[in-house]
Amino acid sequence: MGKILFEIGAEEIPARFIPLAISQIEENFKKITSEYRIELESIKVYATPRRLTLLAELSSEQASEEKLVWGPPVHVAFDEKGLPKESAYAFAKAQGIEVDQLQIKPKGKGNYVCAVLSKKGKKTEEVLPEILRNLFYSLNFPKMMRWGEGTLRFIRPVRWFLALYDDRFISFEIEGIKTENKTQGHRFLSENPLNIDRVDNYEFILEKAFVIVDPEKRKKIILTQAEELAKKVNGKILWNNELIEEVTYLVEFPNSVLCSFSMQYLKLPEELLITVMKDHQRYFAIIDNEGKLKNYFVVVSNTKAENEENIKKGAERVIKARFEDARFYYEEDLKKGLVNLLEATKGIIYHKKLGSLYDKSLRIIRIAERLSDRLIPEKTELVKIAANYCKADLASGVVGEFPELQGIMGGYYAKNAGMPDEVFLAIREHYLPKGFTDEIPSNDIGCIISLADKLDHIATFFYLGEIPSGTEDPFGLRRAANGIISILLKKKYSLSLLETVSMIQEFVDEKLKEQISIFIIQRFESYLESTGYDVNLIKTISDFILIRPVYEIKKRLEAVSLFRSKEDFEEFFLAVKRVSNIIKNYEKFELNPELFSSEEEKKLFNEIEKYKENLYEYLNSQQFFEALNYLHKLTPTINNFFDNVLVMDKDEKIKRNRLALLQHLSELLKSVADISRLY
Numbered sequence: 001m002g003k004i005l006f007e008i009g010a011e012e013i014p015a016r017f018i019p020l021a022i023s024q025i026e027e028n029f030k031k032i033t034s035e036y037r038i039e040l041e042s043i044k045v046y047a048t049p050r051r052l053t054l055l056a057e058l059s060s061e062q063a064s065e066e067k068l069v070w071g072p073p074v075h076v077a078f079d080e081k082g083l084p085k086e087s088a089y090a091f092a093k094a095q096g097i098e099v100d101q102l103q104i105k106p107k108g109k110g111n112y113v114c115a116v117l118s119k120k121g122k123k124t125e126e127v128l129p130e131i132l133r134n135l136f137y138s139l140n141f142p143k144m145m146r147w148g149e150g151t152l153r154f155i156r157p158v159r160w161f162l163a164l165y166d167d168r169f170i171s172f173e174i175e176g177i178k179t180e181n182k183t184q185g186h187r188f189l190s191e192n193p194l195n196i197d198r199v200d201n202y203e204f205i206l207e208k209a210f211v212i213v214d215p216e217k218r219k220k221i222i223l224t225q226a227e228e229l230a231k232k233v234n235g236k237i238l239w240n241n242e243l244i245e246e247v248t249y250l251v252e253f254p255n256s257v258l259c260s261f262s263m264q265y266l267k268l269p270e271e272l273l274i275t276v277m278k279d280h281q282r283y284f285a286i287i288d289n290e291g292k293l294k295n296y297f298v299v300v301s302n303t304k305a306e307n308e309e310n311i312k313k314g315a316e317r318v319i320k321a322r323f324e325d326a327r328f329y330y331e332e333d334l335k336k337g338l339v340n341l342l343e344a345t346k347g348i349i350y351h352k353k354l355g356s357l358y359d360k361s362l363r364i365i366r367i368a369e370r371l372s373d374r375l376i377p378e379k380t381e382l383v384k385i386a387a388n389y390c391k392a393d394l395a396s397g398v399v400g401e402f403p404e405l406q407g408i409m410g411g412y413y414a415k416n417a418g419m420p421d422e423v424f425l426a427i428r429e430h431y432l433p434k435g436f437t438d439e440i441p442s443n444d445i446g447c448i449i450s451l452a453d454k455l456d457h458i459a460t461f462f463y464l465g466e467i468p469s470g471t472e473d474p475f476g477l478r479r480a481a482n483g484i485i486s487i488l489l490k491k492k493y494s495l496s497l498l499e500t501v502s503m504i505q506e507f508v509d510e511k512l513k514e515q516i517s518i519f520i521i522q523r524f525e526s527y528l529e530s531t532g533y534d535v536n537l538i539k540t541i542s543d544f545i546l547i548r549p550v551y552e553i554k555k556r557l558e559a560v561s562l563f564r565s566k567e568d569f570e571e572f573f574l575a576v577k578r579v580s581n582i583i584k585n586y587e588k589f590e591l592n593p594e595l596f597s598s599e600e601e602k603k604l605f606n607e608i609e610k611y612k613e614n615l616y617e618y619l620n621s622q623q624f625f626e627a628l629n630y631l632h633k634l635t636p637t638i639n640n641f642f643d644n645v646l647v648m649d650k651d652e653k654i655k656r657n658r659l660a661l662l663q664h665l666s667e668l669l670k671s672v673a674d675i676s677r678l679y
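In UniProt numbering, the protein residues as written are 1 to 679.
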């Protein structure tokens, strides 16, 4: 095994693209080395804003390649005594082997002569330039650029390539840029360039030059430094995984600095201050033990500790200016008030074919009112108020500047307007949930508004023909459908998907409602699969998935899954499957008990009627596992019927009546789920 080091040095790469670069380098290098028949023992990919680095262990040479070359049929190549003919000699010569090295293998309807050729692999060092070129060209990003007069395209201008294998310099070039055994340290803190004579020295040399090349090490340094600084002011860091990752890829040599801001800004909404610090300045906010924001924050710089005072002053000056802007927008919004903000939404176009934001609010009100009348009629008036104002903050200065605060600021403005707690909380939370793992709104009013908003969102874009396809979903319709399912599941509302979709009345006809229903069902099925239910299990409840409450569907699945694990499940399944197979190709027949000619028919019919009556109690109380256990007791009666009754009687009337009896039985057996679809 030999160690390889390949570094791509570039101008500052945007932090958001670095995780993509890391995954591409790892995956593509594995694929390329496999294609070159080189064994890959280990691989690590490091990255900083100025470099992407591959470190790997490879076999010293390619594996030999075996190639099968087909020749003529055996009877053409050899005579009856098995001696080679001229064609055998000619084929062997063409392949560079002796006749006695030829093999005979079956192919199609006969046996053919063939040659198994072995080609010795090259030394890894010989093919590495080609491999590394291919790796570089395989990297692809959403935004690529050209620079200078060359044709090379990359995420940012490439300044150097470093390539070593087994501590030997590998010389080649990519688009005129030659590889070196040199790298660059920190742009401002290091003397450059740096000679790298051994692969194992790479990290050490860079660290001496103020570059922590391993992103996990940088992250750990950031976490440790920031927590220690927060403790100095009796606080703790308000961690955010996305911000941690972004800051990790913004610096090469992290140095955290504790900063502060005036207590007066704590009068502003906490979310506003945190958003300014996190999303706009990449600073870490500090909170107290109760989770309240403190007037301190941590900035992670890309320089040495002796520059801390300048960094602190600069960061505090910047944050003061940003907070002043935020305060101005907030106070101006409060002066306007929620009513005037709502009025302003009349001038904001939601979509040229769908009207203004105000028009959207009216649609949300109508859908929310229908939902509320069905689920929480005693709170319909509050629902209408919340629905009316839920989009008003989109006309505010704060949301215009900080779009990620939509809904949250609306809640503050509603509270300032003196609205009931339930209303401002509903406005604040109505964008939730944004995924299956997200929290749903904390009260029923918020859940109703969220459902109405998401239903309108899906309906209007389906109306426009903007239906998601493949992995594309530019308008977030899948996310909206996921949110609807999540609320219906967690709140256990007694709403089926059919009834939920029926709440939409604008822009949709019955055909479009059907398309929307299918779309939401697909999202529900996808969710169920992601939670561990297999496709066949989900198929067992497909007859109910549109017409029964969503949370009930999940309970039915849980029951079937548990029931399937029982030791005696198989005998019940076989009985159910037998019934299903016999009746599946027949139309619905009318049952006439007077045509029964055997005791087995009468007994089965009487059992069905008795079970129907008793099963209702289980179904009504949603005791689906108990219902399946109860149905299981029918197994001996079903088997006895098949053992003693010929369903396909010569008399057509008797035959149809017996099929009708089995159809009647099948309806009972499918009361919880269609078990016959399991296998």
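Quick reminder that beta carbons are idealized off the backbone N, C-alpha and C, glycines included. Fair warning: this is a prediction, and the values are worked out from it, not measured in the lab.
Simplified DSSP assignment, three categories, for residue i
i, result
"Ser-256", "strand"
"Val-211", "coil"
"Cys-447", "helix"
"Val-647", "coil"
"Pro-84", "strand"
"Tyr-89", "helix"
"Met-144", "coil"
"Glu-401", "helix"
"Ser-565", "coil"
"Arg-168", "strand"
"Gly-410", "helix"
"Leu-132", "helix"
"Asn-234", "coil"
"Ile-4", "strand"
"Pro-193", "coil"
"Ile-244", "helix"
"Gly-483", "helix"
"Pro-19", "helix"
"Glu-61", "strand"
"Thr-183", "strand"
"Lys-123", "strand"
"Ala-163", "strand"
Residues near residue i in its chain [Cβ-Cβ closer than 7 Å; skip 5 each side]
i, result
"Pro-129", "Ile-170, Phe-172"
"Asn-592", "Asn-657"
Endpoints, alpha helix (DSSP H) assigned at residue i
i, result
"Pro-441", "It is not in any alpha helix (DSSP H) - Pro-441 carries neither H nor E in the DSSP assignment."
"Gly-314", "308-344"
"Tyr-611", "599-620"
"Arg-523", "510-530"
"Ala-56", "Run containing Ala-56: none in the alpha helix (DSSP H); it sits in the beta strand (DSSP E), 51-58."
"Tyr-389", "380-389"
Own chain partners of residue i with C-beta closer than 6 Å, once the 5 adjacent residues on each side are dropped
i, result
"Gly-483", "Pro-433, Lys-454"
"Glu-571", "Thr-635"
"Ser-146", "A small correction: the amino acid at residue 146 is Arg; Ser does not occupy that position in the sequence shown. Excluding residues within five positions, the ones whose Cβ falls inside 6 Å are Arg-153."
"Ala-386", "Val-423, Ala-426, Ile-427, Ile-445, Ile-449"
"Leu-272", "Ala-326"
"residue 685", "What is shown of the chain runs 1 to 679, which leaves residue 685 out entirely."
"Thr-33", "Leu-40"
Beta-bridge partners of residue i, as assigned by DSSP
i, result
"His-351", "Gly-355"
"Glu-158", "The sequence given here has Val at residue 158, not Glu. Per DSSP, Ala-10."
"Val-113", "Ile-104"
"Ser-118", "Glu-66"
"residue 733", "Outside the displayed span of the chain (1 to 679) sits residue 733, for which this structure offers no information."
"Ser-469", "Glu-472"
"Ile-174", "Ile-177"
Where the beta strand (DSSP E) through residue i begins and ends
i, result
"Tyr-296", "293-301"
"Phe-284", "284-287"
"Glu-41", "40-48"
"Glu-180", "177-180"
Contact set for residue i: own chain, Cβ-Cβ below 8 Å, skip 5 residues either direction
i, result
"Phe-91", "Gly-71, Pro-72, Ala-77, Leu-102, Val-113, Ala-115"
"Ile-104", "Val-74, Asn-111, Tyr-112, Val-113, Cys-114"
*At least 3 beta-carbon pairs within less than 8 Å: the segment 595-610 vs the segment 537-552*: Not touching, per the Cβ criterion.
*Would you be able to state if there are at least three C-beta pairs under 8 Å between the segment 304-320 and the segment 389-401?*
Result no; under three Cβ-Cβ pairs closer than 8 Å.
*Give a yes or no on contact between the segment 134-145 and the segment 119-126, applying the rule of three or more CB pairs nearer than 8 Å.*
Taking 8 Å as the limit for Cβ pairs, the verdict is that the segment 119-126 does not touch the segment 134-145.
*Does the segment 192-200 come close enough to the segment 59-67 to have 3 or more Cβ pairs within less than 8 Å?*
No contact exists between the segment 192-200 and the segment 59-67.
*Are the segment 566-581 and the segment 620-637 touching, with three or more C-beta to C-beta distances below 8 Å?*
Yes: at least three Cβ pairs fall under 8 Å.
*the segment 156-167 / the segment 177-190 touching (three or more Cβ pairs under 8 Å)*: The answer is yes - the segment 177-190 touches the segment 156-167, with three or more Cβ pairs under 8 Å.
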